[in-house]
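The block underneath contains the structure these notes are about, expressed in structure tokens.
2 protein chains.
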Amino acid sequence: MLKAGQRIKTSLPDVAEGTADAALMARICWHYFKEGQTQEAIAQHLKITRKRVNQILGDARQSGFVQITITGSTGPCHELEAALVATFGLRQAIVVPSPMAGDDARPLVGAAAGQYVSEHLPPSGALGISWGGTINAAAQNLARRKGMDNRVVLLCGGLAESTLVNPYDNAAMMARALDATCYYVTAPMFAESQPLRDALIASEPVKSVLAMVPTLDLALLSAIDLSKQSKPLEYGVISRATWQSLRDAGAVGDICGHYLDAEGRTIDHPLTCLVVNPKLDDLRRVPELVLAAGGRQKVAIIRAAIRARLCHVLVTDEDAAKELVQG
Amino acid sequence: MLKAGQRIKTSLPDVAEGTADAALMARICWHYFKEGQTQEAIAQHLKITRKRVNQILGDARQSGFVQITITGSTGPCHELEAALVATFGLRQAIVVPSPMAGDDARPLVGAAAGQYVSEHLPPSGALGISWGGTINAAAQNLARRKGMDNRVVLLCGGLAESTLVNPYDNAAMMARALDATCYYVTAPMFAESQPLRDALIASEPVKSVLAMVPTLDLALLSAIDLSKQSKPLEYGVISRATWQSLRDAGAVGDICGHYLDAEGRTIDHPLTCLVVNPKLDDLRRVPELVLAAGGRQKVAIIRAAIRARLCHVLVTDEDAAKELVQG
DNA sequence: CGGCACGCGACACATATGTGACGATGTTAG
DNA sequence: CTAACATCGTCACATATGTGTCGCGTGCCG
Numbered sequence: 001m002l003k004a005g006q007r008i009k010t011s012l013p014d015v016a017e018g019t020a021d022a023a024l025m026a027r028i029c030w031h032y033f034k035e036g037q038t039q040e041a042i043a044q045h046l047k048i049t050r051k052r053v054n055q056i057l058g059d060a061r062q063s064g065f066v067q068i069t070i071t072g073s074t075g076p077c078h079e080l081e082a083a084l085v086a087t088f089g090l091r092q093a094i095v096v097p098s099p100m101a102g103d104d105a106r107p108l109v110g111a112a113a114g115q116y117v118s119e120h121l122p123p124s125g126a127l128g129i130s131w132g133g134t135i136n137a138a139a140q141n142l143a144r145r146k147g148m149d150n151r152v153v154l155l156c157g158g159l160a161e162s163t164l165v166n167p168y169d170n171a172a173m174m175a176r177a178l179d180a181t182c183y184y185v186t187a188p189m190f191a192e193s194q195p196l197r198d199a200l201i202a203s204e205p206v207k208s209v210l211a212m213v214p215t216l217d218l219a220l221l222s223a224i225d226l227s228k229q230s231k232p233l234e235y236g237v238i239s240r241a242t243w244q245s246l247r248d249a250g251a252v253g254d255i256c257g258h259y260l261d262a263e264g265r266t267i268d269h270p271l272t273c274l275v276v277n278p279k280l281d282d283l284r285r286v287p288e289l290v291l292a293a294g295g296r297q298k299v300a301i302i303r304a305a306i307r308a309r310l311c312h313v314l315v316t317d318e319d320a321a322k323e324l325v326q327g
Numbered sequence: 001m002l003k004a005g006q007r008i009k010t011s012l013p014d015v016a017e018g019t020a021d022a023a024l025m026a027r028i029c030w031h032y033f034k035e036g037q038t039q040e041a042i043a044q045h046l047k048i049t050r051k052r053v054n055q056i057l058g059d060a061r062q063s064g065f066v067q068i069t070i071t072g073s074t075g076p077c078h079e080l081e082a083a084l085v086a087t088f089g090l091r092q093a094i095v096v097p098s099p100m101a102g103d104d105a106r107p108l109v110g111a112a113a114g115q116y117v118s119e120h121l122p123p124s125g126a127l128g129i130s131w132g133g134t135i136n137a138a139a140q141n142l143a144r145r146k147g148m149d150n151r152v153v154l155l156c157g158g159l160a161e162s163t164l165v166n167p168y169d170n171a172a173m174m175a176r177a178l179d180a181t182c183y184y185v186t187a188p189m190f191a192e193s194q195p196l197r198d199a200l201i202a203s204e205p206v207k208s209v210l211a212m213v214p215t216l217d218l219a220l221l222s223a224i225d226l227s228k229q230s231k232p233l234e235y236g237v238i239s240r241a242t243w244q245s246l247r248d249a250g251a252v253g254d255i256c257g258h259y260l261d262a263e264g265r266t267i268d269h270p271l272t273c274l275v276v277n278p279k280l281d282d283l284r285r286v287p288e289l290v291l292a293a294g295g296r297q298k299v300a301i302i303r304a305a306i307r308a309r310l311c312h313v314l315v316t317d318e319d320a321a322k323e324l325v326q327g
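Chains A and B, in that order, give the protein sequences. Heads up: the first sequence runs through residues 1 to 327, numbered per the working numbering. Heads up: the second sequence runs through residues 1 to 327, numbered per the working numbering.
Structural data, given as structure tokens:
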């Protein structure tokens with residue numbers, strides 16, 4: 001739990017370049033994962049301590065330097081996937097097992113989403129991204145590209161306080177993984193007044209970036225819920241009062257700053273006039289909208305997003321999928 | 001070491017469908033590799049024994065059900081790669097660390113080659129493949145595709161005796177991984193007489209498959225050496241007498257059944273009139289020739305292949321690369 | 001009907017792995 | 001120059017993992 005104004009070191013994994021020589025890391029990973037050598041043997045071979053090898057392997061795993069993909073035509077929850085597709089008329093659904101510990105589903109859903117994006121973003125395609133822990137995890141699980149001339153467009157404004165997951169960080173990680181040019185919305189996520197928001201949206205840098213939205217090839221969206229476990233609430237991105245009033249207005253969460261009720265309709269609330277974000281119709285013009293969101297608390301907003309025609313492909317976890325199908 | 005005529009059960013990993021439920025395997029892999037749970041915890045969660053979890057994980061690793069890729073722009077041996085490109089005018093070189101134990105480099109080089117092919121074979125592209133342990137390993141490390149209408153063309157004849165690595169097995173594995181149609185050369189690798197070979201090559205099924213070679217998008221070639229460790233010799237694919245006479249004729253190995261001397265020239269030898277294989281000029285017409293071969297004993301034939309213009313992209317191991325560059 | 005091979009669960013145990021404590025060795029700011 | 005600090009190697013130890021052995025059912029074949 002964070003206090004307002006608390007400064008947080010943006011301790012993002014940093015893609016681990018620099019922690020140790022990238023070449024060394026690659027070599028260790030090779031011997032360990034590909035060749036199946038023991039850490040001890042690798043340490044002796046390279047004349048470093050086993051502990052160091054262990055450390056570097058840990059870094060490599062965490063930072064997404066090594067990527068583990070589970071091939072196999074039928075995923076682990078493939079009946080649920082079929083059920084989701086059938087129930088909601090989706091193009092595709094990807095369901096991953098929920099974490100065994102009552103843990104956070106976001107890293108896992110994000111990982112799956114990252115893999116999906118890697119496989120479906122065309123070379124030199126333009127990718128729009130939302131923000132959050134899920135997107136962050138997705139960024140770490142993108143297959144690295146190089147020289148393919150991709151573009152990454154951030155679909156929301158930034159946050160001044162560097163919380164653990166920051167839109168700009170997310171976008172930068174994505175762009176780095178894809179070797180892409182990155183386009184940021186150089187404005188806060190929430191403006192302080194409606195005139196200010198209108199001015200920002202009309203301003204050249206913001207306008208030009210938002211104008212790219214209808215030209216995107218794929219957008220990776222996340223769903224922000226307004227449950228008691230809502231992360232923005234926890235991180236202080238929105239105040240408790242705002243949270244309460246949004247709920248009172250019938251909102252179950254938001255997609256790219258568009259607050260929706262359970263039926264997928266945009267709600268009426270003062271905050272909606274302060275958000276700097278792409279228009280709904282522009283988003284709907286993107287040929288492939290991938291929504292990555294997991295955990296029971298996201299069920300309502302996921303359903304709303306689907307009803308709002310903001311989800312062609314859903315990436316979620318087993319728990320949420322079950323509730324979506326049954327409920 | 002195999003005795004002539006010994007029957008070998010073709011105990012290929014079989015892509016592990018069937019060993020256990022694929023969905024179970026996927027789930028276990030997910031919890032273990034992605035979520036980082038302990039085998040014990042997974043066993044309890046799924047109500048099976050830890051041993052079983054352990055087993056399934058082992059199967060999954062070996063069969064390529066899980067794939068581990070090392071991302072990172074600079075590979076572990078990236079100076080050697082640059083040196084190879086510069087020295088031999090290659091389009092690209094991929095060098096992987098040699099196995100630490102005096103072990104076989106083929107599985108490792110093959111793994112890297114498989115990854116390369118996955119990344120470079122166009123959707124609905126046609127892939128030509130050679131055969132051998134290296135290609136076998138490559139097949140296990142292809143990213144699975146589905147419904148992309150790829151084609152796999154085997155670039156050599158078959159072997160009646162099912163040795164550990166058999167051209168038809170190789171091709172079948174590749175085709176399965178890519179969900180591709182597979183085209184086999186329905187003829188032995190070596191015909192018993194030249195008239196028979198000519199008749200075979202002129203026959204419809206063989207001719208039509210060989211005619212596909214100039215239309216390939218990419219060919220994954222392997223190099224067969226004639227050193228004392230030569231695998232075909234060990235497996236009895238060629239007799240010791242033939243081996244000796246090929247060496248006497250100046251051959252250092254073969255690429256797709258084309259025996260080359262150290263300079264990359266085709267040699268003169270009776271065997272060359274018995275091989276059922278694509279013509280050199282047809283091979284050279286393939287826009288991308290990837291040669292996957294590692295181990296010191298392959299250095300000579302690799303060099304020969306490059307000189308014969310049969311290698312645009314080289315995938316090899318550190319030991320071989322060093323000798324290639326220095327020697 | 002009687003083996004008999006096979007697979008699987010229950011242990012058991014040798015390694016391998018992750019992590020903490022502690023001291024030596026630089027490294028930088030004052 | 002020196003002291004605070006970060007980094008790294010050594011040791012140690014709790015877990016986790018891989019791989020045996022044993023004994024029990026089950027289904028197959030003679």
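From the three backbone atoms N, C-alpha and C, an ideal C-beta is built for every residue, glycine too. Remember, predicted model here, so these are calculated numbers, not experimental data.
- The C-alpha of Cys311 (chain B) lies about 53 Å from the C-alpha of Val276 (chain A).
- For chain A, the residues of the segment 177-203 of chain B that bring a beta carbon within less than 9 Å of one of its beta carbons are Ala177, Asp179, in chain order.
- Setting aside the 5 residues that flank it on each side, Ala262 (chain B) is surrounded in the same chain by Gly250, Val252, Ala300, Arg303, Ala304, each with a C-beta closer than 8 Å to its C-beta; the list follows chain order.
- In this chain, the beta strand (DSSP E) harbouring Val152 (chain A) covers 151-154.
- Judged by DSSP in its simplified three-state form, Ala199 (chain A) adopts helix.
- Distance from the CA atom of Glu79 (chain A) to the CA atom of Ala22 (chain B), rounded to whole angstroms, is 13 Å.
- Ser130 (chain A) carries a coil assignment under DSSP once its states are collapsed to helix, strand and coil.
- Residue nearest to Gly102 (chain A) within the set B:Glu35, B:Val66, B:Ala138 is B:Glu35 (criterion: CA-CA distance).
- Around the beta carbon of Cys273 (chain B), fewer than 16 other beta carbons sit within 10 angstroms, so the residue counts as exposed.
- The Cβ atoms of Leu226 (chain B) and Trp243 (chain B) sit closer than 9 Å to each other.
- Nearest Cα to Ala172 (chain A) within the set A:Ser203, A:Ala137, A:Ala26: A:Ala137.
- One finds Ala23, Ala26, Arg27, Trp30 in chain A with Cβ atoms closer than 7 Å to the Cβ of Pro76 (chain B), taken in chain order.
- DSSP places Val275 (chain B) in no beta strand (DSSP E); its state is neither H nor E.
- The CB of Pro97 (chain A) comes closer than 7 Å to the CB of Arg27, Trp30, His31 in chain B, given here in chain order.
- Pairwise C-beta distances place the segment 97-116 of chain A in contact with the segment 282-294 of chain A, as three or more of them are shorter than 8 Å.
- Chain A has a Cβ within less than 9 Å of the Cβ of Ser73 (chain B).
- Not a single C-beta of chain A is nearer than 9 Å to the C-beta of His312 (chain B).
- Boundaries of the alpha helix (DSSP H) harbouring Thr87 (chain A): 78-88, taken from the DSSP string.
- In the three-state reduction of the DSSP assignment, Val286 (chain B) falls in the coil class.
- Across the segment 119-150 of chain B, CB contacts with chain A closer than 7 Å involve Ala143, Arg144, Lys146, in sequence order along the chain.
- Two segments are said to touch when three or more pairs of C-beta atoms, one from each, lie closer than 8 Å; by this definition the segment 190-200 of chain B does not touch the segment 129-145 of chain B.
- Neighbours of Ile94 (chain A) in chain B, taken as residues whose beta carbon is under 7 Å from its own, are absent, since the nearest beta carbon is some 12 Å off.
- Buried is the label assigned to Glu81 (chain A), since at least 16 other Cβ atoms lie within 10 Å of its Cβ.
- Taking a C-beta cut-off of 9 Å against chain A, the contacting residues of the segment 59-70 of chain B are Ala60, Arg61, Gly64, Phe65, Val66, Gln67, Ile68, Thr69, Ile70, listed in chain order.
- Within the segment 133-186 of chain A, complete alpha helix (DSSP H) segments of at least 4 residues are found at 133-140, 167-178, given in chain order.
- Annotated as proximal: Gln92 (chain A) and Val313 (chain A), with beta-carbon spacing under 9 Å.
- Scanning chain A for C-beta atoms nearer than 8 Å to the C-beta of Lys34 (chain B) yields Ile68, Ile70, Val96, Leu108, Ala111, reported in chain order.
- The three-state secondary structure of Thr215 (chain B), taken from DSSP, is helix.
- Any Cβ of chain B closer than 9 Å to the Cβ of Met100 (chain A) would place that residue at the interface, and such an atom is present.
- At a cut-off of 9 Å between beta-carbon atoms, Gln39 (chain A) makes no contact with chain B.
- A straight-line Cα-Cα distance of about 12 Å links Gly133 (chain B) and Leu221 (chain B).
- When secondary structure is reduced to three states using DSSP, Val237 (chain A) falls in the coil class, being assigned neither helix nor strand.
- Considering only beta carbons, no part of the segment 253-285 of chain A lies closer than 9 Å to chain B.
- Taking every protein chain shown into account, the CB of Arg284 (chain A) has fewer than 16 other CB atoms within 10 angstroms, so this residue is exposed.
- Closer than 9 Å to the CB of Asp103 (chain B) there is at least one CB belonging to chain A.
- The three-state secondary structure of Thr74 (chain B), taken from DSSP, is coil.
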